[in-house]
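S.K.:
Protein chains: 4
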Amino acid sequence: MGQNAIKEPVITLSAGPVAAYQQVLLGMARPVHYDFDPYFQAFYEQVVGKVTRALRAPQPALLMHAEPAVGLEAAAASLIGPDDVVLNLASGVYGKGFGYWSARYHKDMVEIEVPYNEAIDPQQVKDAFKRRPDIRVVSVVHHDTPSGTLNPVNEIGKIVRDNDALLLVDAVSSFGGMDVHPEDCCADIFVTGPGKCLGGAPGITIMAMSERAWAHIADNPKAPKASILSLGDWKDAWHRDKPFPFTPSVAEVNGLDAVMDLYFAEGPETVWRRHGLTAKACRAGVKALGLSLWAAREEIASPTTTAVRVPAGLRDDDILAAARSGFGVVLSAGRSETKGKLLRIGHMGPVAEPIYAVVAVTALGGALRKLGFKCDVGAGVEAAMSVIAAAQN
Amino acid sequence: MGQNAIKEPVITLSAGPVAAYQQVLLGMARPVHYDFDPYFQAFYEQVVGKVTRALRAPQPALLMHAEPAVGLEAAAASLIGPDDVVLNLASGVYGKGFGYWSARYHKDMVEIEVPYNEAIDPQQVKDAFKRRPDIRVVSVVHHDTPSGTLNPVNEIGKIVRDNDALLLVDAVSSFGGMDVHPEDCCADIFVTGPGKCLGGAPGITIMAMSERAWAHIADNPKAPKASILSLGDWKDAWHRDKPFPFTPSVAEVNGLDAVMDLYFAEGPETVWRRHGLTAKACRAGVKALGLSLWAAREEIASPTTTAVRVPAGLRDDDILAAARSGFGVVLSAGRSETKGKLLRIGHMGPVAEPIYAVVAVTALGGALRKLGFKCDVGAGVEAAMSVIAAAQN
Amino acid sequence: MGQNAIKEPVITLSAGPVAAYQQVLLGMARPVHYDFDPYFQAFYEQVVGKVTRALRAPQPALLMHAEPAVGLEAAAASLIGPDDVVLNLASGVYGKGFGYWSARYHKDMVEIEVPYNEAIDPQQVKDAFKRRPDIRVVSVVHHDTPSGTLNPVNEIGKIVRDNDALLLVDAVSSFGGMDVHPEDCCADIFVTGPGKCLGGAPGITIMAMSERAWAHIADNPKAPKASILSLGDWKDAWHRDKPFPFTPSVAEVNGLDAVMDLYFAEGPETVWRRHGLTAKACRAGVKALGLSLWAAREEIASPTTTAVRVPAGLRDDDILAAARSGFGVVLSAGRSETKGKLLRIGHMGPVAEPIYAVVAVTALGGALRKLGFKCDVGAGVEAAMSVIAAAQN
Amino acid sequence: MGQNAIKEPVITLSAGPVAAYQQVLLGMARPVHYDFDPYFQAFYEQVVGKVTRALRAPQPALLMHAEPAVGLEAAAASLIGPDDVVLNLASGVYGKGFGYWSARYHKDMVEIEVPYNEAIDPQQVKDAFKRRPDIRVVSVVHHDTPSGTLNPVNEIGKIVRDNDALLLVDAVSSFGGMDVHPEDCCADIFVTGPGKCLGGAPGITIMAMSERAWAHIADNPKAPKASILSLGDWKDAWHRDKPFPFTPSVAEVNGLDAVMDLYFAEGPETVWRRHGLTAKACRAGVKALGLSLWAAREEIASPTTTAVRVPAGLRDDDILAAARSGFGVVLSAGRSETKGKLLRIGHMGPVAEPIYAVVAVTALGGALRKLGFKCDVGAGVEAAMSVIAAAQN
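Protein chains in written order, with our numbering: chain A, 76 to 468; chain B, 76 to 468; chain C, 76 to 468; chain D, 76 to 468.
1. Taking the beta strand (DSSP E) that C:N229 belongs to, which residues open and close that run?
2. Give the DSSP bridge partners of D:I210, in chain order.
3. Contact defined as beta carbons within less than 8 Å: I believe A:V361 pairs with A:T381. What is the distance between those atoms, to the nearest angstrom?
4. Could you list which residues in chain D have their beta carbon closer than 7 Å to that of A:E457, in chain order?
5. Between the stretch 76-107 of chain B and chain A, which residues of the former have a C-beta closer than 8 Å to a C-beta of the latter?
6. Within 7 Å: the Cβ of B:E428 and any heavy atom of the ligand MG?
7. Measuring CB atoms only, is the stretch 94-103 of chain C touching the stretch 324-335 of chain C, in the sense that at least three cross pairs come out at less than 8 Å?
8. Check A:T353 in the structure and name its three-state DSSP category.
9. Between which residues of its own chain and A:T87 is the CB-CB distance below 6 Å, once the five residues before and five after are set aside?
10. Taking Cβ positions only, does C:I463 come closer than 8 Å to chain B?
11. If you follow the beta strand (DSSP E) that D:G421 is in, where does it begin and where does it stop?
12. For a test of the three-state rule: what should DSSP assign to D:F363, helix, strand or coil?
13. With a threshold of 16 other CB atoms inside 10 Å of the CB of A:Y191, please say whether the residue is buried or exposed.
14. Using a C-beta to C-beta distance shorter than 7 Å, which residues of chain D count as neighbours of C:A144?
15. Can you have a look at A:T353 and say buried or exposed, based on whether 16 or more other CB atoms are within 10 angstroms of its CB?
16. Tell me the rounded alpha-carbon separation between D:I279 and C:V325.
17. Provide the residue span of the alpha helix (DSSP H) that contains C:M103, from first to last.
18. Should B:A151 be flagged as near chain A, meaning a C-beta pair shorter than 8 Å?
19. Are the beta-carbon atoms of B:I394 and B:L446 separated by less than 8 Å?
20. Could you pull the DSSP bridge partners for D:V404 from this structure?
21. Do you know how far the Cα of A:P113 is from the Cα of C:P343?
22. Let's see if you can read the secondary structure: which residues bound the beta strand (DSSP E) around A:I463?
23. Using a Cβ-Cβ distance under 8 Å, would B:G124 count as near chain C?
24. Note down, one range per segment and in chain order, each beta strand (DSSP E) of at least 3 residues found wholly within the stretch 115-140 of chain B.
25. Taking the C-alpha atoms as reference points, what is the distance between D:E457 and A:V452?
26. Taking only beta carbons into account, state which residues of the stretch 157-181 of chain D come closer than 7 Å to chain C, listed in chain order.
27. Could you tell me the distance, in whole angstroms, from the CA atom of C:D159 to the CA atom of C:A454?
28. Going by beta-carbon coordinates alone, are A:M103 and A:N329 separated by less than 8 Å?
29. Any C-beta of chain C sitting closer than 8 Å to the C-beta of B:Q467?
30. Can you tell me the Cα-Cα spacing of C:I81 and C:A396, whole angstroms?
31. For the alpha helix (DSSP H) containing B:E428, name the first residue and the last one.
32. For the stretch 432-443 of chain B against the stretch 431-441 of chain C, do three or more pairs of beta-carbon atoms, one drawn from each stretch, fall closer than 8 Å, so that the two count as touching?
33. With a cut-off of 8 Å, do at least 3 Cβ pairs link the stretch 107-127 of chain A to the stretch 314-324 of chain A?
34. Where DSSP assigns a beta bridge to C:L389, which residues make up the other side?
35. Quick one: what's got a C-beta closer than 8 Å to B:M76's C-beta in the same chain, skipping five residues either side?
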């Protein structure tokens, strides 16, 4: 603190890690307890109980003690065996990326890839099963964050279940910001974390696991053991009488407890509503600035992130830098294939409040204008405000 | 908070995770910044700089975003290639355990194993190189926490370097509590973390890497990439202009910054001195209680953990439970092979203060007495106090 | 932080301000809200409700936004009018001191003074009323902290009520550490604060007020208004619909909320029990060191502070300094008349745990020994442990 | 936490208490140390040193342990003696109010009162001294918060000094947000606090005292002693070797230390600049909404608070409630005489950032529109943005 020559941001509207709720930050400052002490063991069981309830899951939630990308890698490593045919659904960078992890373990992979501003059509999944009834595992990203787009996981999940395959859903940046739950999408492994819509810190993974998933892992001869990539190591760790295989990230668990308390105190439906409204207001404002949404159709635009096309002739990094220096507002660029093509405004956790749609439109508009792009910021703000006003009547 | 029926501990004297310094807890409550924001990127570089300075290392320190056991697993996965012959030095549970990770990657392994209350003799290492000049990688645990014993890493390191092999040192529970540094022990990979002697939280790994280690990893065709097990992914991440391959655990980095500031503010030598004095006082007290130290010789007893033999006829868990319920004091049991045979008293971070030696002796003595073991707690305390008093003159 | 050349204490066993609970410290770090915002107004009403419940009081508690000595001064200024005859009960420095405040406002004062290691005898109060039936206000300190002694406030209160006078009780350093409540002692103004036995910070005053007290204040023509010394200014401020007369100390209120939650979560009876046990163990230990308690009789020794006579030939400050430098343990000296004559060991809040009796005995014994006073620390610790062990059977 | 049925605010733009910086909140969560412990005594001296440096004062700053209104009351009580003629300068509610405090102590008072949207003209002060050369004490509010207007204290101060009178300056809500310092305005008592522009909590008072002020207090036979209203009690308390007369508010001192570190780390000039720019942008935006500033002339509008006339036909509370419910944005109403006539937008501490001018304009405009007042929010935002953009070139 102090020696950093760069000014701290004023408002962070990133696609994650996101600004955390104050109560969560203070949760992370609770005492670090010894993981074998009965107080901590009972506490851990309680936290898992809260997470399970938030997931609306029938089985105890699974916590993995690293950020959700690790949870996903571990899920791939543990679930996908050398005899498994995998159907990978790629509507964005993260969906595509899962295929590379899968490739380390599977026998064969079928991939459905759509343009990265599009969503997977459930019919494509049906068709894939018809062509390849030997598909055992399906992987889908609910909200492909680098695109800001959603896939219809509930419909896809039903098809997967009907075909008796296992479904892995990456809901890292959607859970907590909208109505998505493992049972509703028939997920066998459902991966999320506190560092996005739940407004917590990013260093821990939340998973919902089905009995089918655990059975498949138990049958996988190559499933890692005594490894950070092993889900099985942690299967029973939620229980206060079972030891931890490795040291849990105590402070992250402390923070997660606070995350869950906040989520229930506000009420999930209320939380989702403000995410949705903020995104809707933001999209209206961005369009009124004269910009185009990245998503091919507004129905697949995520309520937790708004992706906007970079106007022709401008560089994404210049726009971000101008918003940052002019207003102290942090926005996100794209990643990999979407880098340079779009900008992202996060609506997650504490900034999933309509006033931040105005902040985003202003900072983005001001930045564009500074770079010579003509846009009507007043009109952008008015458009956002119309959405907000309409929601109150 | 609140619903936990078990009373929170009063004083935690565990072998880790340990009680964290208040300033570190508050450090973990600093804002969660977006990892691509220039403020965070500059901050991360600064933190790595501080860690590097604490390690007295010539190369930028490496941070891995999970607890140190993951750092060790990743080190094995990244460093040990299919052509490597490994010499594994096992003087305890953790030393032995590294061999299992090594076995996933190495061509062949030579192991020197000594009783778990003993230390590796450097001469044994010399001899091993004579018998097997093809040894490429040597692994040693400095402080094998489940035994509370130290290995002579500086002497071992010299031999390894003379034989042109690479040395991996697990200094997780010694660094920060005594004078051990990667250059002094010729470590090519030196692994530690903030959650032990540095009085921080356990969810992040600190590593010092030599150029030779990086080169060996670069040459390892099986070194993981795009994985939590890949050191290489993070090689350049310390630099503010380089992107993070995955999301860093922002809150853990925030806490680590506070850890480092405290360490320098107090002065490393001062920190080590109080660890050493606390352990010495504790050993004196424990012996005066009529108990035996686990370590074969007091010279190899760690200044950061005191391991004590469980008296005949008593169960370790009963003793821990009695100390916990009678005094609110948390002690540690053994692990794996040492479980049931010894108890451990941690002297790490904020409780590495001589008064806590008295607390430990009292709680342990009181617990034993409650279980029918006769011991002179007054004598134990007096013995500890003699050590403390002597140190002040 | 950092530039302070003096080492931070390891363990604070002062008579207050005391070490605060971690949850309270984190409570103080909650957002500072605007005092006219409806959220804060409702929150304030809730906090007052919790405090009222803790006090077991029929009227809403009164918060004054400065430390309890200010609360006491304001109580004197508001309650005592120019026609009032005051009976001041002085068994220590604080009791005596209240008389000086009273003198600014009263018509006449009767004072009963006993040696500062003694307690007021209720019969003396009865007698005073016989001699002076015109006494209107009686003032008594429950625990006169500079002496570590208790007065029998319940008996005294009954007499005062029978004589139709008003009673002001200073319970600053007893409430929260033992069973004392305004209704039980017929207090009309009962003053305490979070910074002692409740383990909070010292910057706010808690009061219970009777209707009779409010009526007397309303009738007092000299009662301050628009002043920090006016209780009346704040009479209705607890209600969410009433404005604050001045700015409340928002962070102290935040901390107080956490204090109350902890108190109820643990259960008052449990909290009192550990205060009492710690003090009892401490007294046993101190006596076994060969020292004398300050209190004339152990029955009047407070469960929240143990006062010990300074042995002949030694200086109090030297003893404190030796405990501080040798063990990092903070103890308290006396104040005013008791300064130089006694030392005090606080048993308040988080350190009201039996293990800290051992810490106190050790640090005190070690300090004395360093100064040449012969004492058997082992015996002291054993005596404390006997008390602790007996309490568990 | 949790039971409060009212939603926590999203963004607080009040005139104080204001949202505190996160580092300050965490500062308030540092350990509560015993006030007689040498660590705390040295720490307190350091904090006073930092405050003194921030004030650019030649004498050690004075801390009073309650909110600044108490500091002002104590200043009146301590400074103004029974022989003193006071000149009270009243350009607003707070200036007028000081006269009531003065009346408790002075011999006679001269008052210059101007309309509450105006400022005191230095010529008026000169004239007053001509008419009444016996004026001994002058009181002025720099920023009369309920009006959002500034008085020319530097000019006034010079006149007072030339007339050999003493000057008391209330700079509670201006210091830290603009260039005002006791020496520059010849203040003998200069009162401020951390809970406004410095972004701290409101429970402590900062004062700069001249030697002349201390001498006058020493000569005042009625100056309080042993009282919260006594400045003299605390005169030497800054020194580590001097005891505290009463218990300092330890947590507030901890927070103040963090406040000062932040202020210096950012640089006072930088802090003032963003306060000024935010206010300027806000004023432009508010005017473009079709509203009138309260201040008679923009030159006297404070850079730390923008006061806006309530449009005819609307009620202030309705507007605040609409901004709060529609956007989660907290604004302030007027106080006493200005209540109902104006609204206030605070630009203090962490929200003294230009983007919050946009937030304020949007929330205010949206609220007005909801109540049927026609206004062009887009134009308001554009006007604010023009100011921001101009400042960057």
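By construction, the Cβ of each residue, glycine as well, lies at the ideal position given by its N, Cα and C atoms. The model shown is predicted, which means the values in this text are computed figures rather than measured ones.
M.R.: Working from what's here:
1. Against the third sequence, residue 229 of chain C aligns to sequence position 154. Where C:N229 is concerned, there is no enclosing beta strand (DSSP E), although the alpha helix (DSSP H) it sits in stretches over V228 to D237.
2. To locate residue 210 of chain D, count along the fourth sequence from 1; it is residue 135. DSSP, once it has assigned bridges, lists D:V160 as partnering D:I210.
3. Counted from its first residue, the first sequence places residue 361 of chain A at position 286. Counted from its first residue, the first sequence places residue 381 of chain A at position 306. About 6 Å; that satisfies the 8 Å criterion.
4. What you label residue 457 of chain A is simply residue 382 of the first sequence in a count that begins at 1. For a Cβ distance threshold of 7 Å, residue set V452 and G453 of chain D lies close to A:E457, ordered along the chain.
5. Cβ contacts with chain A come from M76, Q78, N79, A80, I81, K82, E83, P84, T87, S89, G91, P92, V93, A94, A95, L100, L101, M103, A104, R105, P106 and V107.
6. The ligand MG is not part of this structure, which contains no ligands at all.
7. Yes, the stretch 94-103 of chain C is in contact with the stretch 324-335 of chain C.
8. Numbered from its first residue, the first sequence carries residue 353 of chain A at position 278. Helix, per DSSP.
9. On the first sequence, position 12 is the one that residue 87 of chain A refers to. If you ignore the 5 residues before and after A:T87, its C-beta comes within less than 6 Å of the C-beta of A94 and V405, all in its own chain and listed in chain order.
10. Your numbering for residue 463 of chain C matches position 388 in the third sequence. By this cut-off, C:I463 is an interface position.
11. Your numbering for residue 421 of chain D matches position 346 in the fourth sequence. For D:G421, the uninterrupted beta strand (DSSP E) segment begins and ends at L417 to G421.
12. What you label residue 363 of chain D is simply residue 288 of the fourth sequence in a count that begins at 1. Checking the sequence shown, residue 363 of chain D turns out to be Ala, not Phe. For D:A363, the three-state secondary structure derived from DSSP is helix.
13. The residue given as residue 191 of chain A occupies position 116 in the first sequence. Classification of A:Y191: buried, given that the 10 Å Cβ count is 16 or more.
14. Locating residue 144 of chain C in the third sequence gives position 69, where the first residue counts as 1. Residues of chain D whose Cβ lies closer than 7 Å to the Cβ of C:A144 are, in chain order, F321 and T322.
15. Within the first sequence, the letter at position 278 stands for residue 353 of chain A. Around the beta carbon of A:T353, 16 or more other beta carbons sit within 10 angstroms, so the residue counts as buried.
16. Counted from its first residue, the fourth sequence places residue 279 of chain D at position 204. Counted from its first residue, the third sequence places residue 325 of chain C at position 250. So the two alpha carbons sit approximately 11 Å from each other.
17. Looking up residue 103 of chain C in the third sequence gives position 28. Note, C:M103: alpha helix (DSSP H), Q97 to M103.
18. The count along the second sequence starts at 1 and reaches residue 151 of chain B at position 76. By this cut-off, B:A151 is not an interface position.
19. Residue 394 of chain B sits at position 319 when you count from the first residue of the second sequence. Residue 446 of chain B sits at position 371 when you count from the first residue of the second sequence. Taking 8 Å as the Cβ cut-off, B:I394 and B:L446 qualify as a contacting pair.
20. Taking the first residue of the fourth sequence as position 1, residue 404 of chain D is located at position 329. The secondary-structure analysis by DSSP pairs D:V404 across a beta bridge with D:I86.
21. The residue you call residue 343 of chain C lines up with position 268 of the third sequence. The residue you call residue 113 of chain A lines up with position 38 of the first sequence. Each residue's Cα considered, the two are about 23 Å apart.
22. The sequence position of residue 463 of chain A within the first sequence is 388, counting from 1. DSSP places A:I463 in no beta strand (DSSP E) but in the uninterrupted alpha helix (DSSP H) bounded by V452 to A466.
23. Along the second sequence, read from residue 1 onward, the residue named residue 124 of chain B stands at position 49. For B:G124, no CB of chain C lies under 8 Å from its own CB, so it is not counted at the interface with that chain.
24. Within the stretch 115-140 of chain B, the complete beta strand (DSSP E) runs of at least 3 residues are 137-139.
25. In the fourth sequence, counting from the first residue as 1, residue 457 of chain D sits at position 382. In the first sequence, counting from the first residue as 1, residue 452 of chain A sits at position 377. One C-alpha to the other measures close to 7 Å.
26. Residues Y175.
27. Stepping through the third sequence from its first residue, residue 159 of chain C is reached at position 84. Stepping through the third sequence from its first residue, residue 454 of chain C is reached at position 379. Using only the alpha carbons, I get a separation of about 53 Å.
28. Along the first sequence, read from residue 1 onward, the residue named residue 103 of chain A stands at position 28. Along the first sequence, read from residue 1 onward, the residue named residue 329 of chain A stands at position 254. The answer is yes: Cβ separation under 8 Å.
29. On the second sequence, position 392 is the one that residue 467 of chain B refers to. The beta-carbon of B:Q467 is placed less than 8 Å from the nearest beta-carbon of chain C.
30. Here residue 81 of chain C refers to the residue found at position 6 of the third sequence. Here residue 396 of chain C refers to the residue found at position 321 of the third sequence. Whole-angstrom Cα-Cα distance: 12 Å.
31. Residue mapping note: residue 428 of chain B aligns to position 353 of the second sequence, counting from 1. Per DSSP, B:E428 is not a residue of any alpha helix (DSSP H), being assigned neither H nor E.
32. Three or more Cβ pairs closer than 8 Å define a contact, and the stretch 432-443 of chain B meets that threshold against the stretch 431-441 of chain C.
33. Between the stretch 107-127 of chain A and the stretch 314-324 of chain A, the count of C-beta pairs closer than 8 Å reaches three or more; the two stretches touch.
34. As a working note, residue 389 of chain C is residue 314 in the third sequence. BP columns for C:L389 are empty, so no partner.
35. The count along the second sequence starts at 1 and reaches residue 76 of chain B at position 1. Confidence at B:M76 is low in this model, with a pLDDT of 42, below 50, so its placement is unreliable and the value that follows should be read with caution. When the five nearest sequence neighbours on each side are left out, no beta carbon in the same chain lies closer than 8 Å to the beta carbon of B:M76.
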